[in-house]
Structures are given as C-alpha cells and as structure tokens.
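Working notes for the structure below.
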Amino acid sequence: MKPTPVSGQIGDSPRRADGPQKVRGDFEYSSDLKAAGMLWGATVRSPHPYARIVAIDAAEALALPGVHAVLTHLDVPGTKVYGLEIQDQPVLAIDVVRYWGEAVALVAADHPEHARRAAQAVRVTYEVLKPLTDPELALTDDAPRLHPGGNVTRQVKIRHGDQSAQAEVVVSGEYEVGMQDQAPLGPESGLAIPDGRGGIDLHLATQWLHVDRDQLAGILALPPEKVRLTLAGVGGAFGAREDLSMQAHACLLALRTGRPVKMSYSRPESFVGHVHRHPGKLRYEHGATRDGKLVYVKARVLLDGGAYASSSTAVIANACCFALGPYECPSATVDGWVVYTNNPPCGAMRGFGSVQNCYAHEAQMDKLAAAIGMDPVELRQRNAMKTGSRLITGQVVEGPAPVAELLDRIKAFPLPVEGSGSGRGGGKVDLTQMPGGVSNTTHGEGVRRGVGYAVGFKNVGYSEGFDDYSTARIRLSVANGRPRAEVHTAAAEVGQGLITIQAQIAATELGVTDVVVLDADTQVGSAGSSSASRQTYITGGAVKAACEAVRERVLALAQSEIGRSAGARLERDAVVSADGGLIVTLATLLGDAVVEETREFRPRRTHRLDAATGQANAHLQYAFAAHRAVVDVDTELGLVKVVELATAQDVGKAINPQAVEGQLEGGAAQGLGLAVMEEIQVKDGVIRNASFTDYLLPTILDMPPLLMDILELGDPHSPYGLKGVGEPPTISSGPAIVAAIRAATGRPITRVPVRPQDIVGA
Amino acid sequence: MRIACTVNGTPRVAEDVWEGTSLLGVLREHMDLPGSKNACEQGECGSCSVYLDGRLVCACLVLGGQAQGREVITVEGLASGEVLHPVQEAFLEAGAVQCGFCTPGLVVATHDLLTRTPQPTTVEIREALAGNICRCTGYVKIIDAVHLAAKRLTLPREGDGKGGGPRL
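Protein sequences appear in the order of chains A and B. Position 298 of the first sequence, counted from 1, bears residue number 356 in my numbering, the numbering being contiguous throughout. Position 94 of the second sequence, counted from 1, bears residue number 216 in my numbering, the numbering being contiguous throughout.
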C-alpha cells in the first residue's frame, strides 16, 4: 500500500494516514486482493455439531470443471492441530467434527462459483453423534468427553480474605449472557502466493501477524523465514481475527497447486469462521453491612467455550479476576469454569471476560442498593476501588483508579428532557425516538423512562506472565531535501488508528514533520496482537524507544560535527539549542546518512494466578469507564429505545483525542448491541441466524447521542502516561442500559440481550 | 455473459461474466472497482451502495445483467482526480472513518442524501443512513460528518456571487 505521510504530534488529531484511500474506495482490503493466475479457495464444512467422519470422497468434486485440488487433513504436512493457548483445533477435521461449520476439506478452483460447487460435491459420510450443548452438563461425568483431557478447559479459583464471612444484608442472583458476534464488516480473507522455492507469501487481515506466522510454519512444516506475512487492509477485528481462519487453508492450497489462492468468506461462512464472545451463566451472592459496605462476594462463573479452546483460558481468568467489578471487598470466593461443548467455539471479543461479569456485578450492586435503601451511585462510590486498593487477586492497584470520580461525572451530565420528541409533551410525534421506531407501535402510550448506571474495568495488555512486547524499527534519512522518518512495525491497524498514532509518536520524539509508517509485515519483529487494548501502550512504547535511540545518535552526530550544545534537542526538522535556536537542520546534518535503530519494548512482567487461591500480580494496568443510560421502554410490547448514553473514562493521556472519542463511541455501540439486540441463536449446536438479516447489529437509528467526559490522569508507568482505551467502553455501556430497563419496568431482567418477552412475559 | 454499461462516466464492457454475478461482483471482479464493499451480500449493510441511473441501490442486490446499458456511479467516481469530494473530506475531518469498510457505502449514501436534502436534520440523517451498518464508530462522528458536509456544500462559492445550493 502507498504510505501516506502524517504530520501531527501526540495530543493532536491529525487526519488518519489511511483515511484518504478509505474515503475514495482505494484502500486495499484483504478481500480486494488479486494476482495473475489466481485460484479461489472454498471450504467444505460440517453440517453437524458432533459427528464421526466415516469417509471423504473427492472424486466427483475433482471431476468438475476448473477444479485444481481437494485437500483433507491427510494433506497437512506439519502440525495438524493449532490454537492460541492449547493446540486442540484441527486445521482440517480429523475423524471427528466437534462443531457445526467445522472445516473438513478444501477446494481450489478457477472461479469462486466453481469452487463453491466443488465444495458441495465433496461427499463426506458422517456418523452423527448427539451433541453436548449444555455447559452445565459438560461439567458432569455424564457428558461425553470431547477432548482427551476432559471437558473443563480451565478452572479458576480465587480465595480472598475470610472464607466464612457473614453479612447483615445478603442479595443473590443468577445472570445469563448470550453469545455475541464481533461482526467485523470485512470478511475473513487473504491471498496466498507461493514463491516457487517452497516458501509462501500471505497477504491477509489479522490481529497478530507473528502468531499467525508461527502457527503456519508449524502447519506447513516450513521454517518461519519461508512464511512471510503482510498485513492487507483489515475491515475491523474486535477479537474475531486472533485465531486462524483461512490462513492455513489458503497456504495449503497455494503450495499444493503452485498458484496464488484467494479465500474470502461470505457472511454466513464468517459466522462459523471465527470465534465468538463466550455465553455465560453467572451466580452471585453479595454480603454487605446495612450502611452499604461490601463484606463478601461469592461468584460462580460458567462460560461455554464451545468446541475448541481458542483464548478461553485467558477469558475465564479475566472473568474471575474482575468478577466483583471495580470495588473494594475484604472477602471473595470466585469459582470459574470454561468448558468444551459442541457449540460454536468462543474466544476473544472486545472486553474479554469483563463484559459478562459486569452484567452480573452491576445488577447485584443495584439489587444491594435497593435492599438497603441507598442510591445506587452512592453505594458504588462507597465501595469504589481507588489507588492502593487491593484486588481479590491480592494485587495492589497502582496508578489512577478514579471510580468514584467517573460516577460523579456521568451523574453530573444533565438528563434529557422526558417526552422530548415523544408527543407526550403535546408536540408532533417523532417515531424515530419511540420504542419500535417507524414501525409506529406507540405514540408514547405505555412508554416508561428509566435511568441506569454501571461502572466496569479490565486489564490492559497481556496477563499471567505471557511475554508482552513489541518491536519497532525507525529509519531517519533525507528525501527530497527534507528529513523523513520511517516507522516499521508488525502492529495490525484494524481501524483503531494505530498507523496514525505511531506516526504521531515518531513526529514527537524526532521533531520531524514527515513520518511514514510502512506496511506491517513479518520482516520486522513481533508487535504482539492488536487486542487487550494494548497496542498504543506496547507498540507505542516500542516506537518511542526506537525513536529515542535514533535521536541519541543524531544528537551525538551533531555534537561531533558541530560541537557540544547543552540541552540540544530535535524540533522542526532540525537540531535546536536549549532556547530553541537553530543549530543545524537535519537535512544538512544527515546528508546521505541513514540512522536506523530497532528496539523492543517490554512493560513490567506479570505472573500466573496461583491455581489454589488465584493470588498473583497477574495484570499490567487497569482501565476504568462508567456509563449512564437513559431508556424509554414500551411496557406493553417490550420494546426498548435507548434515548441517551453518557460516559466518563480515564485514558491516562489521549495520544489522539479524536481516535479516543471514536473508541468510546464505537465501544458503547457494541455494548448496546449485546444489551438489547445482538445474539447468535444456537439451537442444538446449530447457528440459526448466520447473516446480517437475522443477527441484529445496531444501526444509526439505534445508537443514541453519547455524552463523553474524557479524563487524562496519567499513569506513572506507561509511555506518556497513557492507558489502554478500546475495551472499557464495551464493558459498562450494556449493563447501564439493562439497569435503566429495570428502572423503567421494575422487572428483574437477568439475561442479555433483553428480549421483549423478558419485559412483558409472565 | 457480456455486460456493457457506463461506470463513473466511462463506457465499460465486462466479458465472460457468470450469469449469477451481482452488479457488485461485476464491479469488483470484472471492472477493477473494488471500492464498493462485500460485507453481507444481502442488502442489509449498505457497504456496496452505488447509484444505478441516479438511484441509490445495494449493488449486491442487483444482478449484473440488470446494469446492461445503464449508468452506474460508484464511490470511485466521486472525487475529482486528486481532489476529494466535500463528503469525503467531511468524513475524514470528522473522524468518521475507522476500519473504513462501511465508508464507501456511507459516502455514496450521504452524497445521495445531500442531493435530495441539502440541510438534513439529525433525524433525517438517521433515517437516510439506517441501511448502512458501521461496526466501528457508533455513528456519532458519521452524523457529525454529514452535518459538516452539508454546511460545506451550501456555503457560498467564493466569487460566484450566487451562494447556496449543493454542489454535488
């Protein structure tokens, strides 16, 4: 891709580097790639959630016109299974399929339609088995063992404080969270090109080039240097691109046929081509004093991981570590399980375990407030976590933890006028503002307003000792008489604005106005994944470190060429003195010289949770956000209109304020989706709504105005004091909406997404 | 199958098109115009919005053959060479672009809205763009971008003394 220079320092909001191409339609996404002589790949997928494969007959498919190859697991030359944490998922099914839509065989053909028809013509004989679809049953001895180690993918136990604590006021509840899809608009897609010497180049959309590269090298039985990955345009991710989807399949077909092979999933295939947010069942008991101080919390968290592990082991750790929400509590007993079933595999999605538990702990806090007759915001503030608080894992919270302040700030926003646009004030009815919208189901009759609050938090970066680092290469040279910095990392721009942020950091550190960020690829060291709200922190830290190394060399060069100047620095494309006077321009100083440095950035180490007690300094940084929701509910039809959202979040330092706002807005919309609209409907292991017609995503009519208060409190440990930003908006937005629905209806509402029958049912 | 139509003002011919190909497929696979996007291919997300004889359509719902002899305008046809259309400028400036997969469709749909309604209210914007799904932005900055584009397009043109009216 043609790199576009970016000007702008940290704290600015320059136009995004990839923006002009994106608005023109010129930006090359992974689904837009082409190569001469290219074939199209298609996947044969299981029509059963659980079955034995008796036979695969490819003869008919191979005889069809334009078909070049049909592959099964027998054609996988290297490791036949893969996985981010546990290698349990076959590249192509081996003897058994464990979920509906599992990849069984591959086809390459000269036209997508030929490939599709050939895939249908691959005859697979199955012996259908009764699927295990109930995660509670999966925990028992009565269930079939889906994997050799049993059905418990991971159990987490946290024991904090007095395990026999008693309290004056006790509230309990059971909560259920449905399966959400990341639904990135760009389909899983990419182009694999064999290099003719046994190696392969793969251009693709992913969240982590190097983890894909390493898994592919194993699967293809190639040394890593023969597997080169380049990031193509990524049409959103949100966790859906952490695991392999078409990567290995396209490479296998390309290496077999000796031709470039493109794969691009349709939307229905995308629904089975990536993992989803874990559905969860959560049982909580909160004990408190009569004046509203938490005494203990007991929580049982059960997540359905589906057929394969993906990142389940890390998701359940988060769900348990943050099970109480951002509150101080002297005692906690948390037991969490994530289990294998024959449901669709689940893994990473924005919020990563902290979304499910937030619905439960915030419902419990409201229940507790009601039980003792206290304002729900006041109850939260009375127990709010702050700097120096101890988590239930024993870790002390360092850096700002402004939970009480965030709640103050959202409460301070004026509430929208009731009945505005509803006709109830006597004016003309604006149907778009009504529950049910232009379906014209109400003009305000039966509509009740509710207001709800929620606050949540999660970790930023990898946890539990996982080696978290990123690599940046900075090259400073003179082009056309001007200094120019090139930034090269493997960090995936997935839409969040990372290219621009890397350029802003380089512009700030090197004082140059012309910064170009090169395509992300595996020709530079790993950047880690674009997930866990970590890239601005970790890759930003690497870019900063590499720029500092370049700067040191440039200043040393200036000193040796021109002489010592105390306090000299880089600014305005020049070396300037302490008082800002020009010493020498970089163009003059560097001439034909190139200054290049590569640095890795590693934040502080984290540690694995103790298996028996769940105690450890397991996390790097915490990010907090709070939301207030205002809803109108048609109490006769059970329809909800979210009228307004308000949020406050501490971002430490807004490197790019416009991009930060974009994260808060987009994250809130995804939270709204899970609260009232989005659910993958799974029946007997089969997805019933694998399309955008049937899986309901928030539209511009569903997303209300969002009031924002962005705090920049500065974390003493992170580059520029920044905090991860991307995930917190998705955590507490939905629970605030559900709290508002409870307030409007007086009903308990223990399940999300909230359905009409939850509001009007018996 | 052979399809001849006018695309972005230029007569184009696509040869050897499979009969089942949608207009979106013709544009993307046969005319080297991948700007219109393939997110749902069911008419739900609006990522493939184009003009067909001046009407906004989802290119994925139009059979390629139906474009025979007709005029198509895609997102690639809106800028004047290197100069972005004011709607495109406004999307960039307002921060309405993140992953950008929805952006081409939204830019075309906004262009259509402002042609019909030069100064839309927020409610009119929401109604007009309800067929375009964005997964990244939460739509807040998209609404900002449409208002910004509307303002820019109806500002008096410097020196023409007339002012007013969209310059689409």
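Backbone N, C-alpha and C fix where the C-beta goes; we use that ideal spot for every residue, glycine too. Since we're looking at a predicted model, the values are computed, not measured.
Using 7 Å as the threshold, is the C-beta distance between G622/A and G519/A below it?
Here the question's residue 622/A lines up with position 564 in the first sequence. Here the question's residue 519/A lines up with position 461 in the first sequence. According to the sequence shown, residue 622/A is Arg rather than Gly. Against a cut-off of 7 Å, the Cβ pair of G519/A and R622/A comes out as no contact.
Closer than 8 Å, Cβ to any Cβ of chain A: which residues of the region 212-229 of chain B, in chain order?
F213, L214, E215, G217, V219, Q220, C221, G222, F223, C224, T225, P226, V229
Of all Cβ atoms in chain B, is any one closer than 7 Å to the Cβ of F659/A?
Indexing the first sequence from 1 puts residue 659/A at position 601. Output row for F659/A: interface = no.
From I265/B to L235/B, what does the alpha carbon distance come to, in whole angstroms?
The residue given as residue 265/B occupies position 143 in the second sequence. The residue given as residue 235/B occupies position 113 in the second sequence. C-alpha separation (whole angstroms): 12 Å.
Pairwise C-alpha distance: R358/A and G394/A:
Position 336 of the first sequence, counted from the first residue, corresponds to residue 394/A. Position 300 of the first sequence, counted from the first residue, corresponds to residue 358/A. Distance between the alpha carbons of G394/A and R358/A: 6 Å.
Per-residue DSSP class, three states only, for R482/A
Locating residue 482/A in the first sequence gives position 424, counting from the first residue. Caution is warranted here: a pLDDT of 49 is assigned to R482/A, below 50, making its placement in the model unreliable, and no coordinate value can be reported.
Keeping to the same chain, check which residues put their C-beta closer than 6 Å to that of E723/A; ignore five residues upstream and five downstream.
To locate residue 723/A, count along the first sequence from 1; it is residue 665. Correct list, in chain order: L764.
Could I get the ranges of all uninterrupted beta strand (DSSP E) runs contained in the region 621-693 of chain A, with 3 residues as the minimum, in chain order?
627-629, 632-634, 640-643, 653-659, 679-692
Y511/A lies in the beta strand (DSSP E); which residues open and close that run?
Residue 511/A sits at position 453 when you count from the first residue of the first sequence. Unbroken beta strand (DSSP E) run through Y511/A: 505-518.
Give a yes or no on whether the minimum CB-CB distance between I125/B and chain A is below 7 Å.
Position 3 of the second sequence, counted from the first residue, corresponds to residue 125/B. No, because no Cβ of chain A sits closer than 7 Å to the Cβ of I125/B.
Pull up the CB-CB distance for G502/A and A802/A, whole angstroms please, since I reckon it's below 8 Å.
As a position in the first sequence, residue 502/A is number 444, starting the count at 1. As a position in the first sequence, residue 802/A is number 744, starting the count at 1. About 14 Å separates the two Cβ atoms, so there is no contact after all.
Quick check: what's the CA-CA separation for Q240/A versus H106/A?
For this step, residue 240/A is matched to residue 182 along the first sequence. For this step, residue 106/A is matched to residue 48 along the first sequence. So the two alpha carbons sit approximately 23 Å from each other.
Cβ of T191/A within 7 Å of any chain B Cβ:
Numbered from its first residue, the first sequence carries residue 191/A at position 133. No, its Cβ sits nowhere closer than 7 Å to a Cβ of chain B.
Since E166/B meets chain A, which of its residues come closer than 9 Å, beta carbon to beta carbon?
The sequence position of residue 166/B within the second sequence is 44, counting from 1. Going along chain A in sequence order, the residues near E166/B (Cβ under 9 Å) are R325, S749, F750, T751, L755.
Contacts that S169/B makes with chain A (C-beta to C-beta distance below 8 Å):
Working through the second sequence from its first residue, we reach residue 169/B at position 47. Those within 8 Å of S169/B in chain A are L243.
Candidates A512/A, E719/A, L556/A, A530/A: closest to A733/A by CA position:
Sequence index remark: in the first sequence, residue 733/A carries index 675 (1-based). A733/A has its Cα closest to that of A512/A, out of A512/A, E719/A, L556/A, A530/A.
By the criterion of Cβ-Cβ separation under 9 Å, what are the contact partners of E719/A in chain B?
Reading the first sequence from its first residue, position 661 is the one you call residue 719/A. The answer, in chain order, is G217, V262, K263.
One question on the structure: do G294/A and P245/A come within less than 7 Å of each other, judged by their Cβ atoms?
If you number the first sequence from 1, residue 294/A lands on position 236. If you number the first sequence from 1, residue 245/A lands on position 187. Result no, Cβ atoms of G294/A and P245/A do not sit closer than 7 Å.
Cutoff 7 Å: D23/A Cβ touching any chain B Cβ
For chain A, the structure presents residues 59 to 820; residue 23/A sits outside this window and is missing.
CB-CB under 8 Å to S480/A, same chain, minus the five flanking residues each way: which ones, in chain order?
Taking the first residue of the first sequence as 1, we reach residue 480/A at position 422. With a pLDDT of 46 at S480/A, under the threshold of 50, the modelled position of this residue cannot be trusted; read the value that follows with caution. Taken in chain order, the residues that qualify are V487, D488, Q491, M492, H501, G502, V505, D690.
Closer than 7 Å at the beta carbon, the chain A residues around R248/B
Residue 248/B sits at position 126 when you count from the first residue of the second sequence. Neighbours of R248/B on chain A, chain order: T490, I758, L759.
Residue ranges of each beta strand (DSSP E) run of no fewer than 3 residues wholly in the region 276-313 of chain A, ordered along the chain?
285-289
So that I know if they touch, is there some Cβ in chain B lying closer than 7 Å to that of R800/A?
Counted from its first residue, the first sequence places residue 800/A at position 742. Chain B, which has no Cβ nearer than 7 Å to the Cβ of R800/A, makes this no.
Unbroken alpha helix (DSSP H) run spanning V209/B, endpoints
Residue mapping note: residue 209/B aligns to position 87 of the second sequence, counting from 1. Counting along the chain, the alpha helix (DSSP H) containing V209/B begins and ends at 208-216.
Contact set for R314/A: own chain, Cβ-Cβ below 6 Å, skip 5 residues either direction
Locating residue 314/A in the first sequence gives position 256, where the first residue counts as 1. Counting only Cβ-Cβ distances below 6 Å, and skipping sequence neighbours, we find A127.
Distance check for L556/A and L640/A, CA to CA, integer angstroms please.
Stepping through the first sequence from its first residue, residue 640/A is reached at position 582. Stepping through the first sequence from its first residue, residue 556/A is reached at position 498. Cα to Cα, the separation comes out at about 32 Å.
Is any beta-carbon of chain A found at less than 7 Å from that of Q190/B?
Within the second sequence, numbered from 1, the residue matching residue 190/B stands at position 68. Cβ-Cβ to chain A under 7 Å: no for Q190/B.
Taking just the CA atoms, how far does V162/A sit from E118/A?
Residue 118/A sits at position 60 when you count from the first residue of the first sequence. Residue 162/A sits at position 104 when you count from the first residue of the first sequence. Taking the straight line joining both Cα atoms gives about 16 Å.
For a contact meaning CB atoms closer than 9 Å, what does E198/B contact in chain A?
Looking up residue 198/B in the second sequence gives position 76. Going along chain A in sequence order, the residues near E198/B (Cβ under 9 Å) are R82, G83, D84.
Could you pull the DSSP bridge partners for H334/A from this structure?
Here residue 334/A is taken as the residue at index 276 of the first sequence, counted from 1. BP columns for H334/A point to C404/A.
When R540/A, V709/A, D272/A, A196/A are compared against V652/A, the one with the closest alpha-carbon
Numbered from its first residue, the first sequence carries residue 652/A at position 594. Looking at the Cα atoms, R540/A is the closest of the given residues.
Short Cβ contact (7 Å threshold) for C605/A with A564/A
Numbered from its first residue, the first sequence carries residue 605/A at position 547. Numbered from its first residue, the first sequence carries residue 564/A at position 506. In contact: C605/A and A564/A (Cβ atoms closer than 7 Å).
Residue-chain proximity (L764/A, chain B), Cβ-Cβ < 7 Å
If you number the first sequence from 1, residue 764/A lands on position 706. It does; some Cβ of chain B falls within 7 Å.
For Q145/A versus V139/A, is the C-beta distance shorter than 7 Å?
Counted from its first residue, the first sequence places residue 145/A at position 87. Counted from its first residue, the first sequence places residue 139/A at position 81. Yes, Cβ-Cβ distance for Q145/A and V139/A is below 7 Å.
Cβ contact (3+ pairs, closer than 8 Å) linking the region 402-420 of chain A and the region 369-385 of chain A:
yes
What is the C-beta distance between C379/A and T451/A, in whole angstroms, given that I count them as a contact (C-beta under 8 Å)?
Here residue 379/A is taken as the residue at index 321 of the first sequence, counted from 1. Here residue 451/A is taken as the residue at index 393 of the first sequence, counted from 1. The pair is a contact, with the Cβ atoms about 5 Å apart (cut-off 8 Å).
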